[in-house]
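Visitor:
Residue numbers (the working numbering), protein chains in the order written: chain A, 3 to 136; chain B, 3 to 136; chain C, 3 to 136; chain D, 3 to 136; chain E, 3 to 136; chain F, 3 to 136.
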């Protein structure tokens, strides 16, 4: 099996807080990420698909097609958006990188029909990364 | 003369719009950056100071001191903030990277007393950079 | 004045040789880059424009517009191409990074009408870079 | 077990096409990568070897030795080459990143006698990566 | 399960040699890394923790807390140090990247109580990396 | 004029101190960099040469030749060395990045006979950079 990975990027804002909690507890748990007016990031997403490259194409999946799926299903819906209020599939969840990676997996897994989705890696900053493997 | 550069990073959200304009013109000029609920970035800032390294230290400016100035004067005030409403020295200006670089220069120039401030470079994303040299 | 820089990328192949020279001299001067069947690179291009950001927009030039100009005038014409035979504006020149940067300048300078073109930087690899400032 | 990884780079050109197919199908499947005169990339290769570091050296494998093996067996044969015609071990296969990673594995696995080859990762560009684990 | 990774950096010097060996064997086995007066590196360390993000926080582990643990337990003890003589937990071992990654694991594993330590990745340079997964 | 830049890397250790000063003053001025047993870095050096590319080669200077000069004159003498005691041309100077850049300039300027040396840029870490332009 060969793993192929395609990277994409988007910029978004968010605020981490649990609406069921009082302000003091939100501030304690989420720290600077709880700033009431929000903050933001340039996110990098790496989508990894595994499969056997067929002999006639030598490609697990056409990376241009994979790029188009990521663009249409993810980037178009989160780029230059506020993740707390603008993104339908994140409403009702705390937009941590962990929850975002799981949500991206749930959207992309059924769309990928050549090979199988194996990993979603999300870089929130140069120092903070999460990965979800389903 | 030797130029020394120190890099730092912060994460912030913003929305680009001119309050004097109707919505349609704001949308046309600022495009995706005009999204009403804002978006955000991981910014990298590079501060360059020029001077002659004195023989007894061999350093234009102690880079730890320069790092402390950048942290106290800039990062503390913009990191995990909303640049439209949380940052006093940006109130009343459109928080484009250009305007931010000029504002950073105006704050840092008088604080740097070893060597002379020569450049503020601000990376809004991997593909977008601005530089102000006073 | 503020300098704004937009980065873009393309992949292309080329072969370095001077048709007026015998093979031995081409091999001596251009070394591995003279391989008869060519080789290739992922190129990064950084286009820098300088100007004063007007107060009503805070932008020297809309970076989206600059990106579109770079895409239409340069990337569309060189990406996934053979620089020796597929690119009209390089025909008759040796496609070194130096000559490419000059050719890109000559194309882009008249197209940039907000601000003024100040620099074309071309990365042929992580270790090799050229810059042309007109 | 400890995994050690050594990175190397090369520049090469290629054209993706299946000689058994008509032109129209090649153009449809391989898109821009099917350009008749080829294109090229700066490739990064990461070779990962796993093993237990012996107490007297503390090293799974001397990374200098691993670097020399990669240089002699891979880089010397593909750097500044046309992957369709200049590289004996790729003749008869479509030089996709997937097929290249598998070919590199088959060459390197028997040459690595301290520790065991665990992964070949090949970056075709900043956004496109493949990995083969045997 | 979700994997979260936090990156940190430090600068240190070391010399590779086995005190039980004669000079000639040390020189042969460790090459340039055996230079009697030592050399040094900027090291990057990536610490990966796995777990299920609880619904009320959406975080496997607060990355700020993880950063603080890495800072207090590792960075404070190795940054701007000589790894052969200044670092208590490395005394008596050859400070190869392999042995350092294992030592870091042994220190960090019991300190991480939200989620479970899954990997220590240590970059000795841009081209040399080791990973230990316990 | 076109500027061409070649990048190279080396790893070295050093200790910052002024032998004419008492320990307390050295500790105060140089901080962590004054650690008695030294520390180290992976340094990146960028050498920039300016000139007009002649029509028959299209190259300001053959970058392979420039790379060979940097390797022979700089890298061979500083890589895997202790900058305080192993490097003849640094003896008697405090090995700050500023002093190193000036020393590298003085060595390289007379060796570069195609084009003219224009800049030495030295990265001591990802966040600390110095540049000397003669």
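Yeah, the Cβ is synthetic: ideal placement off N, Cα and C, and Gly gets one too.
Taking only the alpha-carbon atoms, compute the straight-line gap between residue 80(F) and residue 18(F) and give it to the nearest angstrom.
Guide: Residue numbering aside, residue 80(F) sits at position 78 when the sixth chain is read from its first letter. Residue numbering aside, residue 18(F) sits at position 16 when the sixth chain is read from its first letter. Rounded to the nearest angstrom, the two C-alpha atoms are 16 Å apart.
Visitor: Please list the residues of the stretch 108-119 of chain D that have a C-beta atom closer than 7 Å to any C-beta atom in chain E, keeping them in chain order.
Guide: Against chain E - using a Cβ distance shorter than 7 Å - the stretch 108-119 of chain D contributes no residues.
Visitor: Nearest CA to the CA of residue 85(B): which residue from 44(B), 112(B), 54(B)?
Guide: In the second chain, the residue the question calls residue 85(B) occupies position 83. When each option's Cα is compared against that of residue 85(B), the closest is 44(B).
Visitor: Taking only beta-carbon positions, decide if residue 61(E) is within less than 8 Å of chain A.
Guide: Residue numbering aside, residue 61(E) sits at position 59 when the fifth chain is read from its first letter. Judged by the 8 Å Cβ criterion, residue 61(E) is in contact with chain A.
Visitor: For residue 49(C), which three-state DSSP category applies?
Guide: In the third chain, residue 49(C) corresponds to position 47, counting from 1. Note: residue 49(C) maps to strand in three-state DSSP.
Visitor: Within the 8 Å Cβ cut-off, does residue 49(F) reach chain E?
Guide: Here the question's residue 49(F) lines up with position 47 in the sixth chain. Cβ-Cβ to chain E under 8 Å: no for residue 49(F).
Visitor: Quick one: Cα of residue 128(F) to Cα of residue 25(C), how far?
Guide: As a working note, residue 128(F) is residue 126 in the sixth chain. As a working note, residue 25(C) is residue 23 in the third chain. In a straight line, the C-alpha of residue 128(F) is about 43 Å away from that of residue 25(C).
Visitor: Could you check whether the Cβ of residue 44(C) sits closer than 8 Å to any Cβ belonging to chain D?
Guide: As a working mapping, residue 44(C) is identified with position 42 in the third chain. Chain D contact via Cβ: present.
Visitor: When DSSP labels each residue in this structure, what does residue 131(C) get in the three-state scheme?
Guide: One-based indexing of the third chain puts residue 131(C) at position 129. Of the three classes helix, strand and coil, the one that applies to residue 131(C) here is strand, per DSSP.
Visitor: Could you pull the start and end residues of the beta strand (DSSP E) that residue 119(E) belongs to?
Guide: Counting from one through the fifth chain, the residue named residue 119(E) turns up at place 117. That run of the beta strand (DSSP E) goes 118-125.
Visitor: Thinking residue 15(B) and residue 40(B) are a contact (beta carbons under 8 Å), I'd like their distance in whole angstroms, please.
Guide: In the second chain, counting from the first residue as 1, residue 15(B) sits at position 13. In the second chain, counting from the first residue as 1, residue 40(B) sits at position 38. Confirmed, about 5 Å.
Visitor: Under a CB-based cut-off of 8 Å, is residue 9(C) close to chain B?
Guide: Against the third chain, residue 9(C) aligns to sequence position 7. Yes, residue 9(C) counts as interfacial toward chain B.
Visitor: Using a Cβ-Cβ cut-off of 8 Å, state whether residue 75(C) counts as contacting chain F.
Guide: The count along the third chain starts at 1 and reaches residue 75(C) at position 73. It does not: the Cβ of residue 75(C) has no partner Cβ on chain F nearer than 8 Å.
Visitor: If the cut is a Cβ gap below 8 Å, which residues of chain A does residue 80(E) touch?
Guide: In the fifth chain, residue 80(E) corresponds to position 78, counting from 1. The premise fails here: residue 80(E) is roughly 18 Å from chain A at the closest Cβ pair, so nothing lies under 8 Å.
Visitor: Applying the criterion that 16 or more other CB atoms from any shown protein chain within 10 Å of the CB defines a buried residue, is residue 103(E) buried or exposed?
Guide: For the purposes of this step, residue 103(E) is identified with residue 101 of the fifth chain, where counting begins at 1. Residue 103(E) comes out buried.
Visitor: Any idea if residue 93(B) is buried or exposed, counting beta-carbon neighbours within 10 angstroms, 16 or more meaning buried?
Guide: In the second chain, the residue the question calls residue 93(B) occupies position 91. With fewer than 16 other Cβ atoms within 10 Å, it is exposed.
Visitor: Taking all protein chains shown into account, do 16 or more other C-beta atoms lie within 10 angstroms of the C-beta of residue 60(B), making it buried, or fewer, making it exposed?
Guide: In the second chain, counting from the first residue as 1, residue 60(B) sits at position 58. With 16 or more Cβ atoms within 10 Å of its Cβ, residue 60(B) is classed as buried.
Visitor: Name the one or two DSSP bridge partners that residue 7(E) has.
Guide: Taking the fifth chain and counting its residues from 1, one reaches residue 7(E) at position 5. For residue 7(E), which the question treats as bridged, DSSP gives the partners 131(A), 50(E).
Visitor: List the whole-angstrom C-beta distance separating residue 109(E) from residue 75(E), where the pair is believed to meet the contact cut-off of C-beta under 8 Å.
Guide: Mapped onto the fifth chain, residue 109(E) falls at position 107. Mapped onto the fifth chain, residue 75(E) falls at position 73. Sure, about 5 Å apart at Cβ, within 8 Å.
Visitor: With a threshold of 16 other CB atoms inside 10 Å of the CB of residue 88(E), please say whether the residue is buried or exposed.
Guide: Taking the first residue of the fifth chain as position 1, residue 88(E) is located at position 86. The residue in question, residue 88(E), is buried, as its Cβ has 16 or more Cβ neighbours within 10 Å.
Visitor: Note down, in chain order, each residue of its chain lying with its Cβ closer than 8 Å to the Cβ of residue 42(D), except the 5 sequence neighbours on either side.
Guide: Numbered from its first residue, the fourth chain carries residue 42(D) at position 40. Same-chain partners within the cutoff: 13, 14, 15, 16.
Visitor: If you draw a straight line from the alpha carbon of residue 66(C) to that of residue 125(B), how long is it in whole angstroms?
Guide: The sequence position of residue 66(C) within the third chain is 64, counting from 1. The sequence position of residue 125(B) within the second chain is 123, counting from 1. Each residue's alpha carbon lies about 15 Å from the other.
Visitor: If you follow the alpha helix (DSSP H) that residue 92(A) is part of, which residue opens it and which one closes it?
Guide: By 1-based counting over the first chain, the position of residue 92(A) is 90. First-last for residue 92(A): undefined, no H or E at that position.
Visitor: Between residue 8(F) and residue 72(F), how many whole angstroms is the CB-CB distance? I'm expecting something under 8 Å.
Guide: Translated into the one-based positions of the sixth chain, residue 8(F) becomes position 6. Translated into the one-based positions of the sixth chain, residue 72(F) becomes position 70. Confirmed, about 6 Å.
Visitor: Could you compute how far the alpha carbon of residue 62(B) sits from the alpha carbon of residue 4(B)?
Guide: Sequence index remark: in the second chain, residue 62(B) carries index 60 (1-based). Sequence index remark: in the second chain, residue 4(B) carries index 2 (1-based). One C-alpha to the other measures close to 7 Å.
Visitor: Is the CB of residue 22(B) under 8 Å away from at least one CB in chain A?
Guide: The residue given as residue 22(B) occupies position 20 in the second chain. No, no contact with chain A.
Visitor: Restricting to Cα atoms, I'd like to know which of 106(B), 107(B), 50(B) is closest to residue 6(B).
Guide: For the purposes of this step, residue 6(B) is identified with residue 4 of the second chain, where counting begins at 1. Comparing Cα-Cα distances from residue 6(B) to each of 106(B), 107(B), 50(B), the minimum goes to 50(B).
Visitor: Strictly below 9 Å CB to CB, what residues from chain D border residue 31(C)?
Guide: By one-based count along the third chain, residue 31(C) stands at place 29. What residue 31(C) touches in chain D: nothing, since even the nearest Cβ is about 15 Å away.
Visitor: Using the Cα positions of residue 115(F) and residue 69(C), report the straight-line distance between them to the nearest angstrom.
Guide: As a first step, residue 115(F) must be located in the sixth chain, where it is residue number 113. As a first step, residue 69(C) must be located in the third chain, where it is residue number 67. In a straight line, the C-alpha of residue 115(F) is about 38 Å away from that of residue 69(C).
Visitor: Measuring straight from C-alpha to C-alpha, what distance separates residue 52(B) and residue 117(F)?
Guide: Looking up residue 52(B) in the second chain gives position 50. Looking up residue 117(F) in the sixth chain gives position 115. Near 26 Å, if we compare the C-alpha coordinates of residue 117(F) and residue 52(B).
Visitor: Can you pull the chain D neighbours of residue 84(E), defined as C-beta to C-beta under 9 Å?
Guide: Indexing the fifth chain from 1 puts residue 84(E) at position 82. Under the 9 Å cutoff, chain D gives no residues; its nearest Cβ is about 17 Å from residue 84(E).
Visitor: Taking 8 Å as the threshold (C-beta atoms), are residue 82(D) and residue 37(C) in contact?
Guide: Here the question's residue 37(C) lines up with position 35 in the third chain. Here the question's residue 82(D) lines up with position 80 in the fourth chain. Closer than 8 Å, so yes.
Visitor: Just to confirm, are residue 30(C) and residue 55(F) a CB contact at a threshold of 8 Å?
Guide: Numbered from its first residue, the third chain carries residue 30(C) at position 28. Numbered from its first residue, the sixth chain carries residue 55(F) at position 53. Taking 8 Å as the Cβ cut-off, residue 30(C) and residue 55(F) do not qualify as a contacting pair.
Visitor: Suppose only complete runs of 4+ residues qualify. What are the alpha helix (DSSP H) ranges in the stretch 11-84 of chain D, listed by chain order?
Guide: Taking only runs of at least 4 residues, the alpha helix (DSSP H) segments lying wholly in the stretch 11-84 of chain D are 25-32, 65-72.
Visitor: Going by DSSP, what residue range makes up the alpha helix (DSSP H) through residue 103(F)?
Guide: The residue you call residue 103(F) lines up with position 101 of the sixth chain. Counting along the chain, the alpha helix (DSSP H) containing residue 103(F) begins and ends at 99-110.
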